[in-house]
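Q: With the working numbering applied, the sequence shown corresponds to residues 26 to 318, in that order.
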Amino acid sequence: MPDPGTTSCADCGGSGYVVEQVLGHTARARRCTCQSACPRCGGSGYTLVPSAGSMVAQVCSCRHLDERIGLFNQIGIPAAIAKASFDGFKSWSQDHQRAKTAAEDFARKFRKDAPTKGYLLYGRPGAGKTHLLAATLRYLALEKGVSGRYVEFMLLLSDIRSGFDAKHSHMETLRPLLSVPVLAIDELGKERGTEWERSMLDELISRRFNSGLATLFATNYFLEARAPAEEPGRVVRTRSPDFQREAEAMTLAQRVGDRIYSRLNEMCSFVKLDPGHDLRKDRHGSGSGGFWG
Ligand SMILES: [Zn+2]
Ligand SMILES: [Zn+2]
């Protein structure tokens, strides 16, 4: 809740909250010190307003700030991108501008009482897809008081599997994700693609779709087939480099199956967000530009 008296605060820029990055933990927001003694209510949480000739107590807007900070802290934004926001997203290509516009439009237009079509960002790693997912959830929580959750699909699957060891059904892990107003699923298609994995994804997104809830996605897979990219220095775990390259050249439909792909089409607008060139090569100075596609 911006307060007219605090717009010059150097810590929060007047927003009233500060997001902190603590390694090993998901992103956390806290009330800015400029808000510790609310200038309107003095910390009581209520203000007196005139109504029909007398004064009545009204909940102070600073109360919303605490509620919204609480919502933000439940999202589960990874520490590495704790501070991701729309303002901090660098739009240095047409892809970036279009993707940011799509994400911001979704966040600004979102209403809890009407179904809103989600978005799916696709493109190679390093373009900022996760940043936009996190920025969207942050905006919804802190600016609109809308609850959201962020999950990486592979990690969600491993949470479901560990639940089995404790004799929990998959529903115990999925249930909180079936009712949250906005769910962001990152790294879609990175899983192995077994029948069981697909059935978990299908159940999660179909139930949300049927309930009219919005789901956002990010995936490193393209909609059309493309030639395998040369990516020297790429860390590959559990799979041979050849297998990995082939897998990366697969389409999203091949990775998730036609049934889920057509469901994604119904639920989302597809938006390409690709680095255009390989960011990791640029960063590590090991390669010759690598423009591709
Ligand atoms: Zn402040
Ligand atoms: Zn107050």
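Each residue gets a CB set at the ideal place from its N, CA and C atoms; glycine is no exception.
Between C34 and ligand 1, is there a pair consisting of the residue's CB and a ligand heavy atom that are separated by less than 7 Å?
A: For this step, residue 34 is matched to residue 9 along the sequence shown. Answer for C34: yes, Cβ within range of ligand 1.
Q: Residue range of the alpha helix (DSSP H) that Q99 falls in?
A: On the sequence shown, position 74 is the one that residue 99 refers to. Looking at the DSSP string, the run of the alpha helix (DSSP H) that includes Q99 is 86-99.
Q: With distances taken from CA atoms, which of E220, G38, C66, L241 is nearest A209?
A: As a first step, residue 209 is located in the sequence shown; it is residue number 184 there, counting from the start. It is L241 whose Cα lies nearest to the Cα of A209.
Q: Is G301 helix, strand or coil when you go by DSSP?
A: Taking the first residue of the sequence shown as position 1, residue 301 is located at position 276. Of the three classes helix, strand and coil, the one that applies to G301 here is coil, per DSSP.
Q: So, for G332: in the same chain, excluding its five sequence neighbours on each side, which residues have a beta-carbon less than 7 Å away from its beta-carbon?
A: Examination of residue 332 is not possible in this model, given that the chain is present from 26 through 318 alone.
Q: Below 7 Å, is the gap between the Cβ of A122 and the nearest heavy atom of ligand 1?
A: Residue mapping note: residue 122 aligns to position 97 of the sequence shown, counting from 1. One point to set straight first is that residue 122 is Gln, not Ala, in the sequence displayed. No; taking the cut-off as 7 Å, the Cβ of Q122 has no heavy atom of ligand 1 nearer than that.
Q: Can you tell me where the alpha helix (DSSP H) with L73 in it begins and where it stops?
A: Taking the first residue of the sequence shown as 1, we reach residue 73 at position 48. Not the alpha helix (DSSP H): L73 falls in the beta strand (DSSP E), residues 71-76.
Q: By DSSP's criteria, C293 is part of a beta bridge. Which residues make up the other side?
A: One-based indexing of the sequence shown puts residue 293 at position 268. According to DSSP, C293 bridges with G143.
Q: Nearest CA to the CA of G95: which residue from Y71, K108, R55, G70?
A: If you number the sequence shown from 1, residue 95 lands on position 70. Closest by alpha carbon: R55.
Q: Ligand 1 and E68: does the residue's C-beta get closer than 7 Å to at least one heavy atom of that ligand?
A: The residue you call residue 68 lines up with position 43 of the sequence shown. The sequence given here places Gly at residue 68; Glu does not occur at that position. Not under cutoff, so the answer is no.
Q: Ligand 1 and C87: does the residue's C-beta get closer than 7 Å to at least one heavy atom of that ligand?
A: As a first step, residue 87 is located in the sequence shown; it is residue number 62 there, counting from the start. C87: no, Cβ never under 7 Å from ligand 1.
Q: Can you give me the start and stop residues for the alpha helix (DSSP H) that V171 sits inside?
A: The residue given as residue 171 occupies position 146 in the sequence shown. Unbroken run through V171: none, as it is neither H nor E.
Q: By the three-class DSSP mapping on this structure, what secondary structure does Y286 have?
A: Along the sequence shown, read from residue 1 onward, the residue named residue 286 stands at position 261. Y286 falls in the helix class under three-state DSSP.
Q: Quick check: is any heavy atom of ligand 1 less than 7 Å from the C-beta of G41?
A: Walking along the sequence shown from the start, residue 41 turns up at place 16. True, at least one ligand heavy atom lies under 7 Å from that Cβ.
Q: Is R280 closer than 8 Å to Y246 when the C-beta atoms are compared?
A: Against the sequence shown, residue 246 aligns to sequence position 221. Against the sequence shown, residue 280 aligns to sequence position 255. The answer is yes: Cβ separation under 8 Å.
Q: Using DSSP bridges, identify the partner residues of R163.
A: The count along the sequence shown starts at 1 and reaches residue 163 at position 138. Bridge partners of R163: none, in fact.
Q: If we count the other Cβ atoms within 10 Å of its Cβ and call it buried at 16 or more, is M292 buried or exposed?
A: Here the question's residue 292 lines up with position 267 in the sequence shown. That one is buried.
Q: Answer yes if the stretch 118-131 comes into contact with the stretch 152-159, meaning at least three C-beta pairs across the two stretches below 8 Å, and no otherwise.
A: In short, these stretches touch, since the Cβ pair count reaches three.
Q: Within 10 Å of its beta-carbon, does V171 have 16 or more other beta-carbons around it, so buried, or fewer, so exposed?
A: Locating residue 171 in the sequence shown gives position 146, where the first residue counts as 1. Buried.
Q: For S63, verify whether its CB is less than 7 Å away from any heavy atom of ligand 2.
A: As a first step, residue 63 must be located in the sequence shown, where it is residue number 38. Per the sequence shown, the amino acid found at residue 63 is Cys instead of Ser. Yes, the beta carbon of C63 sits closer than 7 Å to at least one heavy atom of ligand 2.
Q: Look at the alpha carbon of A24 and the alpha carbon of R232, and state the distance between them as a whole number of angstroms.
A: Within the shown structure, residues of the chain are numbered from 26 to 318, placing residue 24 beyond reach of any answer.
Q: Measure the CB-CB distance between A109 and I100 and report whether it falls below 8 Å.
A: Looking up residue 109 in the sequence shown gives position 84. Looking up residue 100 in the sequence shown gives position 75. No. Outside cutoff.
Q: Which word fits Q119, buried or exposed, when buried means at least 16 other C-beta atoms lie within 10 angstroms of its C-beta?
A: To locate residue 119, count along the sequence shown from 1; it is residue 94. Exposed, by the Cβ-count rule.
Q: Checking the sheet assignment: what are the DSSP bridge partners for A320?
A: Residue numbering for the chain in the displayed model covers 26 to 318; residue 320 lies beyond these limits and cannot be assessed.
Q: If we ignore side chains and look at the alpha-carbon of each, how far apart do K134 and L229 end up?
A: On the sequence shown, residue 134 is found 109 positions in, with the first residue counted as 1. On the sequence shown, residue 229 is found 204 positions in, with the first residue counted as 1. Cα-Cα distance, rounded: 24 Å.
Q: For D112, which option in N98, F234, A128, A104 has the closest C-alpha, if you only look at C-alpha atoms?
A: Residue mapping note: residue 112 aligns to position 87 of the sequence shown, counting from 1. Out of N98, F234, A128, A104, A128 has the C-alpha closest to the C-alpha of D112.
Q: Quick check: M225 and I285, are their CB atoms within less than 8 Å of each other?
A: Walking along the sequence shown from the start, residue 225 turns up at place 200. Walking along the sequence shown from the start, residue 285 turns up at place 260. Contact flag unset, no.
Q: Count the other CB atoms within 10 Å of the CB of S313; is the residue buried (16 or more) or exposed (fewer)?
A: Residue mapping note: residue 313 aligns to position 288 of the sequence shown, counting from 1. Bear in mind that the predicted position of S313 carries a pLDDT of just 34, short of 50, making it too unreliable to give a figure here.
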